[in-house]
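Student: Order-wise, the sequence lines are chains A and B. Quick note: the first sequence uses our numbering, first residue 5, plus one each step. Quick note: the second sequence uses our numbering, first residue 5, plus one each step. Below is a structure I'd like to ask you about.
Protein chains: 2
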Amino acid sequence: MQRIINDPSLVVEDMLKGFVMVHKDIIHVHLKNPRVIISNAAKNQKKVGIVTGGGSGHKPAFIGYAGKNMVDAVAVGEIFSSPTANSFYDAIVEVEQGMGVACLYGNYAGDNMNVKMASMMAKDDNITVKTVVANDDVASAKKEDSEKRRGVAGEILMWKVGGAKAATGASLDEVIDAAQKAIDNTRSVGVGLGPCTIPANGKPNFSIKEGTMEFGIGHHGEPGIRIDKLASAKEIAKEMYNLIINDLPFQSEDEVVVLISGLGATPLMEQYILFNEIENLLNADNIKIFKAYVGNYFTSLEMNGITLTIMKLDDELKECIRMEVESVGLIQIGE
Amino acid sequence: MQRIINDPSLVVEDMLKGFVMVHKDIIHVHLKNPRVIISNAAKNQKKVGIVTGGGSGHKPAFIGYAGKNMVDAVAVGEIFSSPTANSFYDAIVEVEQGMGVACLYGNYAGDNMNVKMASMMAKDDNITVKTVVANDDVASAKKEDSEKRRGVAGEILMWKVGGAKAATGASLDEVIDAAQKAIDNTRSVGVGLGPCTIPANGKPNFSIKEGTMEFGIGHHGEPGIRIDKLASAKEIAKEMYNLIINDLPFQSEDEVVVLISGLGATPLMEQYILFNEIENLLNADNIKIFKAYVGNYFTSLEMNGITLTIMKLDDELKECIRMEVESVGLIQIGE
Chain A
5 MQRIINDPSL VVEDMLKGFV MVHKDIIHVH LKNPRVIISN AAKNQKKVGI
55 VTGGGSGHKP AFIGYAGKNM VDAVAVGEIF SSPTANSFYD AIVEVEQGMG
105 VACLYGNYAG DNMNVKMASM MAKDDNITVK TVVANDDVAS AKKEDSEKRR
155 GVAGEILMWK VGGAKAATGA SLDEVIDAAQ KAIDNTRSVG VGLGPCTIPA
205 NGKPNFSIKE GTMEFGIGHH GEPGIRIDKL ASAKEIAKEM YNLIINDLPF
255 QSEDEVVVLI SGLGATPLME QYILFNEIEN LLNADNIKIF KAYVGNYFTS
305 LEMNGITLTI MKLDDELKEC IRMEVESVGL IQIGE
Chain B
5 MQRIINDPSL VVEDMLKGFV MVHKDIIHVH LKNPRVIISN AAKNQKKVGI
55 VTGGGSGHKP AFIGYAGKNM VDAVAVGEIF SSPTANSFYD AIVEVEQGMG
105 VACLYGNYAG DNMNVKMASM MAKDDNITVK TVVANDDVAS AKKEDSEKRR
155 GVAGEILMWK VGGAKAATGA SLDEVIDAAQ KAIDNTRSVG VGLGPCTIPA
205 NGKPNFSIKE GTMEFGIGHH GEPGIRIDKL ASAKEIAKEM YNLIINDLPF
255 QSEDEVVVLI SGLGATPLME QYILFNEIEN LLNADNIKIF KAYVGNYFTS
305 LEMNGITLTI MKLDDELKEC IRMEVESVGL IQIGE
């Protein structure tokens, strides 16, 4: 295992120390719970609190999205495993300002359970928590079972929309509705070309033969829908695009957000090459790119692979996407 | 070779198409030379033009640093090889506004030759070009041969300082002096844990045995100073720190910029873990971190490894580091 770490069981602790120091202008750590990261902007205005959380190893997700007009507090789990209910609860309490808290997270068993418990604990404190559960990964279950689908990079767009809506002073129900619409309008799919290794395990999380790729792989290495011969960027783009477009019917003249994320070891160069192919496909269908994001936005340690996310927009979503943001993982200067 | 590309000989072309489309709010491509990327902000004020250039495969370097208060135009080479003299020349002509052009680039034979030719061509057009050649990599030659040292991630700080100085309306000589001081005050060192593969070659650029690391490796895989047993983050940090501190004497109460960059496949988590150790070492020496950058700022395709860069500050450099920046690779909001 070729890693720059100290004790493999303390990688999250060690990482958080560095993260908090480097980004002290944007975030700080919870006074009593080192597994909760809070946006410095969280208390600057009376608004609905935005909370998320998830396993570590996906950097800049999740903690990198704490910031102004984005997420207010993030519960931090071990590598690829859910934060505790207590951490979600501490995050919720920290950002409650009398308007309730929107917990916007991904569809994984541990997160579901712990958010549910944290919401019950918060209820005892008279804090109203409502949730949106991201399920944008089209490859993780059939369309008729979409409530079983995993949340992947589309979560970033859900946070962007929820965070922007909350920043306008909207009510909890309005924030929840916007974030729910965001994820309902978003589809993602991933392709894996190489595995990653969780430090505490020391073994790769899956294996993939040289010259092949795994289509529909999850961002913890969950099995995909099939293993294919490694194809060209053009062919990979076409496959990914079709999986998404057939799941969420887009129409000519639609406007979309395209988000391409490397999974860790895939060079930015390849991400731009894939983007170029996706743009060609969208152009051919007369679908307009309103905003594009390309980079390592949601990773899986050093996995070699890429995810494509497309979100269909309406006026409300466009306004939310346009809003300025200042977080570690996403900085967007206002227009 | 596990890559998401089309024709291996066209990766730079394909990448640039995607890059230009995604970031059209920040940069555009030269009208006649597709190998020159220009900041949209370049013509907004009368000032010294800032040019750089280098091989591809280091993304976000070099093109990601074109932007407001940073680099005005970037000449783009093939993977790991110099841009042509013509591309440097086109970049220079594009950003000349009567105050001369500062060409701030890294110390590699091809770049040296092509910048020299481009400067001579520009002279025939009555454009004054002055240069600063980055040589921050302490492991690439002994101190007494520091003019032979390679430029690595310290180039980002040189561009930051040169770009900021130019934005204040400073003269060409003032910009050159500030950029030269920036790189003179900057030292870097890299560690490699795994190789990368240039698409057109199809073979890894070096080999490194599992359980070992190469100290002082260059960011094209140039041989380092020794191969060691893979150590802990704490030990790696100590080694890197000592190499730098012994080369550029720092004193108690100095203020510094710390820049840690992953080389491609090294997870952000590990970069923050290394930063945490570097911070401890600086604290022990009573050296203060004025600004820290941690992330994939200067990569080598999917190389597994990390670089540490430290820059010693004075008041002028601090002012330049503080200035807001809007580029793809570095966005910094003004204070």
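We treat Cβ as the ideally placed atom computed from N, Cα and C, and that holds for glycine.
1) Any beta-carbon of chain A closer than 8 angstroms to the one on residue 308(B)?
2) State the DSSP-derived secondary structure class of residue 200(B), mapped to helix, strand or coil.
3) Alpha carbon to alpha carbon, what distance is there between residue 188(A) and residue 319(A)?
4) Would you kindly check if the distance between the Cβ of residue 261(A) and the Cβ of residue 317(A) is under 8 angstroms?
5) Residues of chain B with CB closer than 7 angstroms to the CB of residue 19(A), please, in chain order.
6) Determine which residues of the region 197-230 of chain A have a Cβ less than 7 angstroms from any Cβ of chain B, and write them out in chain order.
7) Going along the chain, which residues of the region 230-246 of chain A sit with their C-beta nearer than 8 angstroms to a C-beta in chain B?
8) How big is the Cα-Cα spacing for residue 283(A) and residue 314(A)?
9) Considering just the uninterrupted stretch of the beta strand (DSSP E) at residue 219(B), what are its terminal residues?
10) Of all the CB atoms in chain A, is at least one closer than 8 angstroms to the CB of residue 265(B)?
11) Which of the three DSSP states, helix, strand or coil, is assigned to residue 330(A)?
12) Counting only Cβ-Cβ distances shorter than 8 angstroms, please list the residues of the region 297-327 of chain A near chain B, keeping chain order.
13) Buried or exposed: which applies to residue 76(B), given that a residue is buried once 16 or more other Cβ atoms fall within 10 Å of its Cβ?
14) Between residue 137(B) and the rest of its own chain, which residues show a CB-CB distance below 6 angstroms, the 5 nearest in sequence each way excluded?
15) Measuring CB atoms only, is the region 134-154 of chain B touching the region 268-288 of chain B, in the sense that at least three cross pairs come out at less than 8 angstroms?
16) Along the chain, where does the alpha helix (DSSP H) containing residue 306(B) start, and where does it finish?
17) Between residue 199(A) and the rest of its own chain, which residues show a CB-CB distance below 7 angstroms, the 5 nearest in sequence each way excluded?
18) Kindly indicate if chain B contains any beta-carbon less than 8 angstroms away from that of residue 280(A).
19) Assess contact between the region 7-19 of chain B and the region 297-305 of chain A, defined as three or more Cβ pairs (one per stretch) separated by less than 8 angstroms. Is contact present?
20) Which ranges does the alpha helix (DSSP H) cover as unbroken runs of at least 4 residues, wholly within the region 156-202 of chain B, from first to last along the chain?
21) So, is the C-beta of residue 330(A) closer than 8 angstroms to a C-beta in chain B?
22) I'd like the span of the beta strand (DSSP E) that includes residue 53(A), first residue to last.
23) So, does the CB of residue 193(A) fall closer than 8 angstroms to a CB anywhere in chain B?
24) With three or more C-beta pairs closer than 8 angstroms as the rule, is the region 19-34 of chain A touching the region 56-71 of chain A?
25) So with Cβ pairs under 8 angstroms, would you call residue 87(B) a contact of chain A?
26) Nearest by alpha-carbon distance to residue 297(A): which of 274(B), 294(B) and 333(B) is it?
Tutor: Taking the structure as given:
1) Look at residue 308(B): its C-beta is under 8 angstroms from a C-beta on chain A.
2) DSSP places residue 200(B) in coil when its eight states are reduced to three.
3) Residue 319(A) and residue 188(A) have their C-alpha atoms spaced approximately 15 angstroms apart.
4) Cβ atoms of residue 317(A) and residue 261(A): closer than 8 angstroms.
5) Chain B residues near residue 19(A): 273, 276 and 277.
6) Look at the region 197-230 of chain A: the residues with a C-beta under 7 angstroms from a C-beta of chain B are 197, 198 and 214.
7) Residues of the region 230-246 of chain A with a C-beta atom less than 8 angstroms from some C-beta of chain B are 234, 236, 237, 238 and 240, listed in chain order.
8) Using only the alpha carbons, I get a separation of about 11 angstroms.
9) According to the DSSP assignment, residue 219(B) belongs to the beta strand (DSSP E) that extends over 216-219.
10) Not an interface residue.
11) It is a strand residue.
12) Look at the region 297-327 of chain A: the residues with a C-beta under 8 angstroms from a C-beta of chain B are 297, 298, 300, 303, 305, 306, 308 and 310.
13) Result: buried.
14) Only 111 meet the Cβ criterion.
15) Short answer: they don't touch.
16) Unbroken run through residue 306(B): none, as it is neither H nor E.
17) So the list reads 208, 209, 210, 211, 212, 225 and 307, once near-sequence residues are dropped.
18) Interface residue, yes.
19) With fewer than three CB-CB distances shorter than 8 angstroms, the region 7-19 of chain B does not count as touching the region 297-305 of chain A.
20) Runs of the alpha helix (DSSP H) inside the region 156-202 of chain B: 158-171 and 176-188.
21) For residue 330(A), the closest Cβ of chain B is nearer than 8 angstroms.
22) Start and end: 53-60.
23) With 8 angstroms as the cut-off, residue 193(A) does not count as an interface residue toward chain B.
24) At 8 angstroms Cβ cutoff, the stretches touch.
25) False, the Cβ-Cβ gap to chain A never drops below 8 angstroms.
26) The shortest C-alpha separation from residue 297(A) is found at 333(B).
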